[in-house]
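*Asks:* Read in order, the letters of the sequence shown are residues 106 to 173 in my numbering. The structure that follows is given in the form of structure tokens.
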Amino acid sequence: MSRKYTVIIEKDEEGWFVSEVVELPGCHTQAKTLPELMERTQEAIQAYLGNEEPEVSGEFVGVQQIEV
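Below, the structure written as structure tokens:
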């Protein structure tokens, strides 16, 4: 059974795209292009999970930017 995960994507100072999977602490990767990043993120999730489904509590609501 497949499951959806929330992925936050940022671009660092050197132009690399970096992804972090919200529901899986420590599950992150990077790549030079967005298509490559998504492929690597799927691989990172599979490696993180192995054969187990994580117990996820809570629900991701969203990300906001605020200027002060």
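Ideal placement from N, C-alpha and C gives every residue a C-beta, glycine not left out.
1) Where do the N-terminal and C-terminal ends of the alpha helix (DSSP H) with residue 172 fall, by residue?
2) For the segment 131-162, which segments carrying the alpha helix (DSSP H) assignment without a break, of at least 4 residues, lie completely within its bounds, in sequence order?
3) Pull up the distance between the alpha-carbon of residue 147 and that of residue 173, whole angstroms please.
4) Going by the beta-carbon positions, is the gap between residue 125 and residue 113 smaller than 8 Å?
5) Is the beta carbon of residue 136 less than 8 Å from the beta carbon of residue 145?
*Replies:* Straight from the coordinates:
1) No alpha helix (DSSP H) contains residue 172, which DSSP labels as neither H nor E.
2) Complete alpha helix (DSSP H) runs here, min 4: 139-154.
3) Each residue's alpha carbon lies about 35 Å from the other.
4) Residue 125 is a Cβ neighbour of residue 113, given a cutoff of 8 Å.
5) A contact, by the Cβ cut-off of 8 Å.
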